[in-house]
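First the structure, in the form of structure tokens, and then the observations on it.
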Amino acid sequence: MDTLSYKTLTLNPSQVERKWVIIDATDQVLGRLCSQVAKILRGKNKPQFSPNMECGDNVIIINADKVKLTGKKWTDHEYLSYTGYPGGQRVTTPELLMKKSFNKHIKPGYHPLFIKVMKGMLPKNRLGRRLIENMHVYNGPDHPHAAQNPVVLDINNIK
48 MDTLSYKTLT LNPSQVERKW VIIDATDQVL GRLCSQVAKI LRGKNKPQFS
98 PNMECGDNVI IINADKVKLT GKKWTDHEYL SYTGYPGGQR VTTPELLMKK
148 SFNKHIKPGY HPLFIKVMKG MLPKNRLGRR LIENMHVYNG PDHPHAAQNP
198 VVLDINNIK
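Numbering of the sequence shown is given in the working numbering, commencing with residue 48 and proceeding in unit increments.
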């Protein structure tokens, strides 16, 4: 019997093919959109997925200001954070995080609402912190990543 056929083939980081993908967030529900983006960032949509390696694609999300939330979640949903000091519990809403994204002092491609949502959907370790850097979110239709030749991906056709 040929025992060589039983070996598991794994990729090393130099063999991973990484593409750039554009996703339009117009009229998309935030959580459903981000769960699909998390799969793409992780690489779970590829046959050579490895849970301990960065094998996903780079994602550019455009028109992030046109994303939807169902019900009254814009004002009623609360995100809690704690500074570590007594009385340091902070409360913010998706509406405040969206307003913060229009601040001119925030780094281009960084969107506080999308970062907050995506951090909950990625691994809570070094790999997750590296993966979140592969997501670039812009409020308008323009982005500075045209040199990477990104492919437009329809998020509604992904399983």
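Heads up, the beta-carbon is just placed ideally off N, CA and C, and yes, glycines get one too.
- In the three-state scheme derived from DSSP, where H, G and I count as helix and E and B as strand, Lys166 is classed as helix.
- If you draw a straight line from the Cα of Asn59 to the Cα of Gln195, it comes to about 23 Å.
- An exposed status is given to Leu127, since fewer than 16 other beta-carbon atoms sit within 10 Å of its beta-carbon.
- Within the region 94 to 182, the complete alpha helix (DSSP H) runs of at least 4 residues fall at 120 to 123, 141 to 148, 159 to 166 and 173 to 178.
- The residue among Lys86, Gly131, Lys91 and Ser97 with its C-alpha nearest the C-alpha of Leu56 is Ser97.
- With a cutoff of 8 Å on beta-carbon distance, Arg137 and Asn105 are scored as not near each other.
- Here Thr122 is near Thr140, since their CB atoms are less than 8 Å apart.
- Scanning Ile205, Val198 and Ala85 for the CA closest to the CA of Leu174 turns up Ala85.
- With fewer than 16 other CB atoms across the displayed protein chains lying within 10 angstroms of its CB, Val198 is exposed.
- In terms of Cα proximity to Asp112, the closest of Asp189, Asn203 and Ala193 is Asp189.
- Measuring C-alpha to C-alpha distances from His192 to each of Val68, Thr117 and Lys91 identifies Val68 as the nearest.
- Bridge partners of Val63 according to DSSP: none are assigned.
- In the DSSP annotation of this structure, the continuous segment of the alpha helix (DSSP H) that includes Val84 starts and ends at Leu77 to Arg89.
- By the CB criterion at 8 Å, Ser82 and Met168 fall inside the cutoff.
- Per DSSP, Asp201 has no beta bridge partner at all.
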